[in-house]
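full-length UniProt numbering puts the first residue of the sequence shown at 1, with every later residue one more than the last.
All remarks here apply to the structure that follows.
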Amino acid sequence: MCNDGGMSAITISTARAQLGDLVRRAAHGRETIALTDHGHVAALLVSPQVIEDLEDALAVSEYQRRKAEGTLAEGIAHEEVGRMLGLRP
């Protein structure tokens, strides 16, 4: 296994025997593990939190872009959201 800037790489054939450990490392250590096939990255094991963080960053970036362009749609009032979620009468 090699480490390349915070990403570990392991061949798929080697990973088979270590899958449980690799999943735990990705899930709990927030380590990204590249599974390689014939020397090329075929898949990545990443923590769900990493994906959620990326999705949040993308949503914020999209909001900021639309705000700068002046293309934001009208929002929903905070009170209305509370009613929609059943938090307010």
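By construction, the Cβ of each residue, glycine as well, lies at the ideal position given by its N, Cα and C atoms.
Remember, it's a predicted structure, so these values are computed and weren't measured experimentally.
Span of the beta strand (DSSP E), counted from its first residue to its last, around residue i
i, result
"residue 35", "32–37"
Boundaries (first-last residue) of the alpha helix (DSSP H) holding residue i
i, result
"residue 44", "Where residue 44 is concerned, there is no enclosing alpha helix (DSSP H), although the beta strand (DSSP E) it sits in stretches over 40–45."
"residue 48", "48–69"
"residue 83", "78–84"
Residue(s) in a DSSP beta bridge with residue i
i, result
"residue 10", "35"
Evaluate the contact criterion for the region 33–44 versus the region 10–20: three or more CB pairs, one atom per stretch, below 8 Å.
yes
Closer than 8 Å is the cut-off here; do at least three beta carbon pairs connect the region 41–48 with the region 19–32?
yes
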